[in-house]
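Peer 1: Just passing along the structure, written as structure tokens.
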Amino acid sequence: MTVALAAGGTNIWLLLPGLFGVGAAMMVAISTIQVRLTGFAPEARSLMCAMNLISLNAANAFGAWTGRLAISAGFGLTLADLVLFGLTLLGQRRTAKPADPPDPRSTTSEC
Numbered sequence: 001m002t003v004a005l006a007a008g009g010t011n012i013w014l015l016l017p018g019l020f021g022v023g024a025a026m027m028v029a030i031s032t033i034q035v036r037l038t039g040f041a042p043e044a045r046s047l048m049c050a051m052n053l054i055s056l057n058a059a060n061a062f063g064a065w066t067g068r069l070a071i072s073a074g075f076g077l078t079l080a081d082l083v084l085f086g087l088t089l090l091g092q093r094r095t096a097k098p099a100d101p102p103d104p105r106s107t108t109s110e111c
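The opening position of the sequence shown corresponds to residue 1 in the UniProt record's numbering, with each subsequent residue numbered one higher.
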């Protein structure tokens, strides 16, 4: 999606549906992640939800900062999208398969 935004960033008729698609995909992904994460900490659901929102805000700030660096270096808006796409690929590559959530019926603690 980001590559399509970078390619059609100068055309408003490609840009607006692309931005809508990114926003819609993120709204679906965030709520799905939130529900999945609550299974990992059944005793501290509020803390887990807060940590999830903190990580999303940190990722937004890091993306904006990285995009600013690309733009201020003179590469333009199109390359800033490609830099952020590269960061996304790097993040996906470094992410390991998540562990299965613990069984809520289990009474043993592995801390």
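Cβ atoms here follow ideal geometry from the backbone N, Cα and C, with glycine treated the same way.
Closer than 8 Å by C-beta to S31: which residues in its own chain qualify, once you throw out the five before and the five after it? Chain order, please.
Peer 2: There are no such residues.
Peer 1: What number of angstroms, rounded off, separates the C-alpha of D58 from the C-alpha of A44?
Peer 2: Here the sequence assigns Ala to residue 58, which means Asp is not the residue at that position. Each residue's Cα considered, the two are about 21 Å apart.
Peer 1: Do you know how far the Cα of L19 is from the Cα of I33?
Peer 2: Near 21 Å, if we compare the C-alpha coordinates of L19 and I33.
Peer 1: Name the two residues that bound the continuous alpha helix (DSSP H) containing G18.
Peer 2: Its alpha helix (DSSP H) spans residues 12 to 38.
Peer 1: Tell me the rounded alpha-carbon separation between A29 and L56.
Peer 2: So the alpha carbons of these two residues sit roughly 11 Å apart.
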